[in-house]
Amino acid sequence: SLTEKLQQAFKKLRGKGILSEKDVSEAVREVRLALLEADVNYKVVKEFIGKIRERAVGQEVMKSLTPAQQVVKIVSEEMTELMGGAKSSLVVADKPPTVIMLVGLQGAGKTTTAAKLARYFRNLGRRPLLVAADVYRPAAVQQLQSLGEKLKLPVFSMGEKVEPVNIVQGAVKRAQKEGYDQVIVDTAGRLHINEQLMEELKRMKETAEAHETLLVVDAMTGQDAVKVAEAFHEKLGLTGVILTKLDGDTRGGAALSVKAVTGCPIKFIGMGEKLEALEPFYPERMTSRILG
Amino acid sequence: INRSGKIDEEFYEELEEILISADVGVKTTTELLENVREEVLKKRVKEPAKVLDIIKKNIQEILGEGTSALNLEGVPPRVFLVVGVNGVGKTTTIGKLAYFLKQKGKTVLLAAGDTFRAAAIEQLEEWSRRAGAQIIKHQEGADAAAVAFDAVRAAKSRMIDVVIIDTAGRLQTKKNLMAEVSKIQRVVEKEVQGAPHEVLLILDATTGQNAVSQARLFGEAVNVTGLVLSKLDGTAKGGIVIAVRGELNVPVKFIGIGEQIGDLRVFNSEEFVKALFG
Ligand SMILES: Nc1nc2c(ncn2[C@@H]2O[C@H](COP(=O)(O)OP(=O)(O)OP(=O)(O)O)[C@@H](O)[C@H]2O)c(=O)[nH]1
Ligand SMILES: Nc1nc2c(ncn2[C@@H]2O[C@H](COP(=O)(O)OP(=O)(O)OP(=O)(O)O)[C@@H](O)[C@H]2O)c(=O)[nH]1
Ligand SMILES: [Mg+2]
Ligand SMILES: [Mg+2]
């Protein structure tokens, strides 16, 4: 664990109640390694380590802690604060329906998460409408329809031959007419560098007047998480992030990277393939996971 | 890269940043740079450009061993098993691979071995149509090993050249799911001499260090014979294959560079390394 590695590092130094600059330099080397191994972005790590250095040098080591534990405490607090922030609940529109759009790279878990969100709202006594706006991936519409059937929740679809912008428009009209509380739009996976598809997404968001634009990110994403998050945020203006596949053993450093570069709160995490596997995001838990 | 024009600490730091940013990982990057430093001293290298050549050559050596050719020789049917974690591109890669093999004049049969995920069978069916391949499927919820068995049986009786078995995505830490792929491998082993002739582990190029855990645990469950690195058309460099190569000692056979049926390329280590530093 990081604490053990730091204890080792501190063994060679004579910490005397205050963290000296030398103590801290030794410690941040270990912290940096831990964060990079956890897939936190190189530049995000650099910036984060800078903050730790500032906070740690000259800090008094609490009576109940070893210098190593004191550093871990500083690092954990700093990271939890960075990833926490405003309470990450979903926006509720003044006038229904609340429109939520799920966006992200191919295979991140958008379609599955859309169904999970629908189930979440239904369990709160709301009436969500799922929207099959991925007309590109083979059987994407069927995938969402199949999930809707399992949940006994409606899925709005106009087939695969209609433009996604028109599908979204039709869905919102239907939702307004029939009094749905949420419109959950599943979109096709796409690369942040595909200008045409990013423009399509922007037009969908504008047409739908989305209240929430959530970036779905695979928790095992590596260094690329920063480029992806920045691009989606810049183009669309994200309101939140959902981190998926955290039921595996990935450290999930992408969480810190994405939060650091977009400032967007992580609102939920995916903890499995089952539709009940959607949980709220707890920054302290994510922090201890990343630090290993 | 390298503004100062000399081989100093700042230069090595720049190299480190490039490698780590490409998902090569800290441990592998450290080892690579240590070897490069040694060689630079030993050969008294003076220009930064030469150092870059050395590191590229070293990476290529790690990646280039072994053939990236598919095991297509021998008595048909050749049986290929495709595995990997959720969403990496297994089903799409199988569609592309089927098309690739059809272009080579092979007959192909696909096994709809993902009997779990919603519309997984329909998705593979669409790819079989596009590629001109046959398909064997049961219903959602059926036993995946039974589908694999059925497909191999059908391939034998229909004199098919290649059977490609699609499997459900699964995180490598799920013991029961890893036991299931081991079972699929055993089932086809019994049915065809030497099967599966290829076990392709698909890795998503955007994946970070978790790829090493994926390689290790899939490698324990099945005899992985090759890697496919998908989604290289994005901005991720896929540097994880270097460490994975070290873990499994199997070559990267293909890369996925898009979502269309033709977006599959035979792996070229020289081009890959060039793009890593590109
Ligand atoms: N283990 C696990 N698997 C997940 C989770 N979320 C999604 N998946 C799986 O990840 C795979 C991809 O999920 P999809 O919902 O199809 O992903 P997508 O983003 O819609 O994919 P595209 O539409 O192709 O971009 C499927 O096998 C899902 O079952 C999760 O939290 N945990
Ligand atoms: N850009 C790009 N997208 C790809 C590539 N390969 C696959 N995809 C996309 O990635 C997404 C997931 O592909 P699938 O083939 O469903 O992945 P899978 O591994 O079979 O997923 P599960 O069966 O759910 O585990 C789809 O949107 C594909 O179009 C690639 O090389 N480049
Ligand atoms: Mg989808
Ligand atoms: Mg699949």
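Protein chains in written order, with my numbering: chain H, 2 to 293; chain B, 6 to 283. Backbone N, C-alpha and C define an ideal beta-carbon position, used for all residues, glycine too.
Hey, is residue 231 (chain H) close to ligand 2, as in C-beta under 7 Å from one of its heavy atoms?
-> The residue given as residue 231 (chain H) occupies position 230 in the first sequence. Answer for residue 231 (chain H): no, Cβ out of range of ligand 2.
Below 8 Å, can you find three or more Cβ-Cβ pairs linking the region 217–226 of chain H to the region 211–218 of chain B?
-> As far as the Cβ criterion goes, the region 217–226 of chain H touches the region 211–218 of chain B, which means the pair count is three or higher.
Beta-carbon of residue 102 (chain H) versus every beta-carbon of chain B: anything under 8 Å?
-> Here residue 102 (chain H) refers to the residue found at position 101 of the first sequence. Closer than 8 Å: no.
Counting along the chain, where does the beta strand (DSSP E) carrying residue 180 (chain B) start and finish?
-> Against the second sequence, residue 180 (chain B) aligns to sequence position 175. Per DSSP, residue 180 (chain B) belongs to no beta strand (DSSP E); it is in the alpha helix (DSSP H), 180–196.
If we call anything under 8 Å between Cβ atoms a contact, is residue 243 (chain B) one with residue 253 (chain B)?
-> Your numbering for residue 243 (chain B) matches position 238 in the second sequence. Your numbering for residue 253 (chain B) matches position 248 in the second sequence. No, they are not a contact pair.
Endpoints, the alpha helix (DSSP H) within which residue 280 (chain B) is located = For this step, residue 280 (chain B) is matched to residue 275 along the second sequence. In the DSSP assignment, residue 280 (chain B) falls within the unbroken alpha helix (DSSP H) covering 274–281.
Since residue 102 (chain H) sits in a beta bridge, which residues does DSSP pair it with?
-> Numbered from its first residue, the first sequence carries residue 102 (chain H) at position 101. Per DSSP, H:186, H:214.
Between which two residues does the alpha helix (DSSP H) harbouring residue 147 (chain H) extend?
-> In the first sequence, counting from the first residue as 1, residue 147 (chain H) sits at position 146. Its alpha helix (DSSP H) spans residues 141–152.
Could you work out which residues of chain B lie near residue 246 (chain H), taking near to mean beta carbons separated by less than 9 Å?
-> As a working mapping, residue 246 (chain H) is identified with position 245 in the first sequence. Chain-order list of chain B residues neighbouring residue 246 (chain H): 90, 91, 92, 176, by C-beta distance under 9 Å.
Compare the C-beta of residue 75 (chain H) with all C-beta atoms of chain B and state if any pair is closer than 8 Å.
-> To locate residue 75 (chain H), count along the first sequence from 1; it is residue 74. It does not: the Cβ of residue 75 (chain H) has no partner Cβ on chain B nearer than 8 Å.
Between the Cα of residue 295 (chain B) and the Cα atoms of B:109, B:139, B:217, B:101, which residue gives the shortest distance?
-> This structure cannot speak to residue 295 (chain B), because chain B is shown only from 6 to 283.
Within 8 Å (strictly less), CB to CB, does residue 187 (chain H) reach chain B?
-> Taking the first residue of the first sequence as 1, we reach residue 187 (chain H) at position 186. No, residue 187 (chain H) lies away from the interface with chain B (no Cβ there is under 8 Å from its Cβ).
Using DSSP with H/G/I as helix, E/B as strand and the rest coil, what is residue 239 (chain H)?
-> As a position in the first sequence, residue 239 (chain H) is number 238, starting the count at 1. Reduced to three states, the DSSP call for residue 239 (chain H) is coil.
For the alpha helix (DSSP H) containing residue 56 (chain H), list its first residue and its last residue.
-> Along the first sequence, read from residue 1 onward, the residue named residue 56 (chain H) stands at position 55. Membership of residue 56 (chain H) in the alpha helix (DSSP H) is indicated by the continuous run 43–57.
C-beta contact flag for residue 113 (chain B) and residue 136 (chain B) at 8 Å | Locating residue 113 (chain B) in the second sequence gives position 108, counting from the first residue. Locating residue 136 (chain B) in the second sequence gives position 131, counting from the first residue. In this structure, residue 113 (chain B) places its C-beta atom within 8 Å of the C-beta atom of residue 136 (chain B).
Pull out every residue of the region 129–147 of chain B whose Cβ sits closer than 7 Å to any Cβ of chain H, in chain order.
-> Identification of residues in the region 129–147 of chain B having a C-beta nearer than 7 Å to some C-beta of chain H yields 131, 132, given in sequence order.
CA-CA distance, residue 270 (chain H) and residue 198 (chain H)?
-> Sequence index remark: in the first sequence, residue 270 (chain H) carries index 269 (1-based). Sequence index remark: in the first sequence, residue 198 (chain H) carries index 197 (1-based). The straight-line gap separating the alpha-carbon atoms of residue 270 (chain H) and residue 198 (chain H) is approximately 26 Å.
Does residue 71 (chain H) get closer than 8 Å to chain B when you measure Cβ to Cβ?
-> Translated into the one-based positions of the first sequence, residue 71 (chain H) becomes position 70. No, because no Cβ of chain B sits closer than 8 Å to the Cβ of residue 71 (chain H).
Sort H:245, H:158, H:247, H:23 by Cα distance to residue 131 (chain H) and report the nearest one.
-> Reading the first sequence from its first residue, position 130 is the one you call residue 131 (chain H). Per the Cα distances, H:158.
Cross-chain neighbours of residue 31 (chain B) in chain H, by beta carbon under 7 Å = Taking the second sequence and counting its residues from 1, the one referred to as residue 31 (chain B) is at position 26. Under the 7 Å cutoff, chain H gives 34, 37, 38.
Verify the contact flag: residue 162 (chain H), CB atom, against every heavy atom of ligand 4, threshold strictly below 7 Å.
-> Here residue 162 (chain H) corresponds to residue number 161 of the first sequence, with the count starting at 1. Look at residue 162 (chain H): its beta carbon is at least 7 Å from all of the heavy atoms in ligand 4.
Beta-carbon neighbours of residue 181 (chain H), restricted to chain B and to distances below 9 Å | Taking the first sequence and counting its residues from 1, one reaches residue 181 (chain H) at position 180. Below the 9 Å Cβ cutoff, chain B contributes no neighbours of residue 181 (chain H), its closest Cβ being approximately 22 Å away.
With a threshold of 16 other CB atoms inside 10 Å of the CB of residue 54 (chain B), please say whether the residue is buried or exposed.
-> Walking along the second sequence from the start, residue 54 (chain B) turns up at place 49. Counting other Cβ atoms within 10 Å of its Cβ, residue 54 (chain B) stays below 16 and is therefore classed as exposed.
What does DSSP give as the partner residues of residue 281 (chain H) in its beta bridges?
-> The sequence position of residue 281 (chain H) within the first sequence is 280, counting from 1. Per DSSP, H:269.
Enclosing beta strand (DSSP E) for residue 133 (chain B) [first to last residue] | Within the second sequence, numbered from 1, the residue matching residue 133 (chain B) stands at position 128. No beta strand (DSSP E) contains residue 133 (chain B), which is instead part of the alpha helix (DSSP H) from 125–136.
Would a C-beta distance cut-off of 8 Å place residue 264 (chain B) and residue 98 (chain B) closer than the cut-off?
-> Against the second sequence, residue 264 (chain B) aligns to sequence position 259. Against the second sequence, residue 98 (chain B) aligns to sequence position 93. With respect to residue 98 (chain B), residue 264 (chain B) sits apart: the two C-beta atoms are not nearer than 8 Å.
At a cut-off of 7 Å, is residue 273 (chain B) close to ligand 2 when judged by its beta-carbon and the heavy atoms of the ligand?
-> Within the second sequence, the letter at position 268 stands for residue 273 (chain B). Answer for residue 273 (chain B): no, Cβ out of range of ligand 2.
Integer Cβ distance of residue 277 (chain H) from residue 120 (chain H), believed to fall under 8 Å | In the first sequence, the residue the question calls residue 277 (chain H) occupies position 276. In the first sequence, the residue the question calls residue 120 (chain H) occupies position 119. Between residue 277 (chain H) and residue 120 (chain H), the beta carbon gap of about 7 Å places them in contact (Cβ cut-off 8 Å).
Collapsed DSSP secondary structure at residue 85 (chain B) in the structure displayed | As a first step, residue 85 (chain B) must be located in the second sequence, where it is residue number 80. Correct three-state label for residue 85 (chain B): strand.
Should residue 177 (chain H) be labelled buried (16 or more other beta-carbon atoms within 10 Å of its own) or exposed?
-> Taking the first residue of the first sequence as 1, we reach residue 177 (chain H) at position 176. That one is exposed.
Please confirm whether any heavy atom of ligand 4 lies closer than 7 Å to the CB of residue 96 (chain B).
-> The count along the second sequence starts at 1 and reaches residue 96 (chain B) at position 91. Result yes, Cβ under 7 Å from ligand 4.
Within chain B, partners of residue 228 (chain H) - CB distance below 7 Å = Position 227 of the first sequence, counting from 1, holds the residue named residue 228 (chain H). Under a criterion of Cβ atoms nearer than 7 Å, the residues of chain B adjacent to residue 228 (chain H) are, in order, 240.
Flag residue 43 (chain H) as yes if its beta-carbon sits less than 8 Å from any beta-carbon of chain B, otherwise no.
-> If you number the first sequence from 1, residue 43 (chain H) lands on position 42. Look at residue 43 (chain H): its C-beta is under 8 Å from a C-beta on chain B.
Closer than 8 Å, CB to CB, is residue 216 (chain H) near chain C or not?
-> Among the protein chains in the structure shown, which are H and B, there is no chain C.
Within 7 Å: the Cβ of residue 174 (chain B) and any heavy atom of ligand 4?
-> Numbered from its first residue, the second sequence carries residue 174 (chain B) at position 169. In this structure, ligand 4 has a non-hydrogen atom nearer than 7 Å to the beta-carbon of residue 174 (chain B).
With a threshold of 7 Å, establish whether the CB of residue 135 (chain H) neighbours any heavy atom of ligand 1.
-> Counted from its first residue, the first sequence places residue 135 (chain H) at position 134. Yes, since a heavy atom of ligand 1 falls inside the 7 Å radius drawn around the Cβ of residue 135 (chain H).
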